[in-house]
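First residue of the sequence shown? That's 0 in numbering that gives the first Met the number 0, and the numbers climb one at a time after it. Glycine included, C-beta positions come from ideal geometry on N, C-alpha and C. This report refers to the structure that appears directly beneath it.
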Amino acid sequence: MSSQAVSPSEEPPQRTGPKDNWLGFVGDVLKFTGEVRFKSMLRIDGNFSGSVSSADGTLIVSNGAQVTEAVIDVAVAKINGTVEGDIKASKELVLGRTASVTGTVTAPALVVEEGALFNGSFRRS
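Dropping the structure here:
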């Protein structure tokens, strides 16, 4: 076997910024309290209490998940679990058929699927 030096133009490309596109995840066996900021996508399957924010990201609250004392400020929110608190979506808010939302929601577009429960107020932004 012979070894050859690799010229700089032949080096494999470096990964830049993968952390900016990672999917965040709060698992179904976790109970988490605090503040979360993310850039791309966050899925909550467990229990979370606190604030969630992302200027351009998507939040998914899965069926069976619970978010309490919520202060949510994201671009897109897709709710299939339980949320108690305030949700502000700058682009779209979707309440799936298994969603249960109590609180104030603000969004330019609200989609409520058949079966979703919503108890609160809606403000169009």
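Cβ neighbour criterion (16 or more within 10 Å) applied to residue i
{"i": "V66", "result": "buried"}
{"i": "K77", "result": "buried"}
{"i": "S53", "result": "buried"}
{"i": "V93", "result": "buried"}
{"i": "N62", "result": "exposed"}
{"i": "S124", "result": "exposed"}
{"i": "A108", "result": "exposed"}
{"i": "L116", "result": "exposed"}
{"i": "W21", "result": "Since pLDDT at W21 reaches only 48, below the 50 mark, its modelled position is unreliable, and the value read off the structure follows with that caveat. The residue in question, W21, is exposed, as its Cβ has fewer than 16 Cβ neighbours within 10 Å."}
8 Å Cβ cutoff met for residue i and residue j
{"i": "G114", "j": "T103", "result": "no"}
{"i": "K71", "j": "V51", "result": "Residue 71 is actually Ile in this sequence, not Lys. Taking 8 Å as the Cβ cut-off, I71 and V51 qualify as a contacting pair."}
{"i": "E91", "j": "A69", "result": "no"}
Given residue i as reference, the closest of the options once Cα atoms are compared
{"i": "G33", "options": "D44, I43, S48", "result": "S48"}
{"i": "S39", "options": "A69, A74, G95, F31", "result": "A74"}
{"i": "T81", "options": "I59, F121, K87, D55", "result": "I59"}
{"i": "K87", "options": "T57, R42, F31", "result": "T57"}
{"i": "G95", "options": "D85, S89, E83, E112", "result": "E112"}
Endpoints, the beta strand (DSSP E) within which residue i is located
{"i": "E34", "result": "30 to 36"}
{"i": "R42", "result": "40 to 43"}
{"i": "R123", "result": "116 to 123"}
{"i": "T101", "result": "99 to 106"}
{"i": "N46", "result": "46 to 52"}
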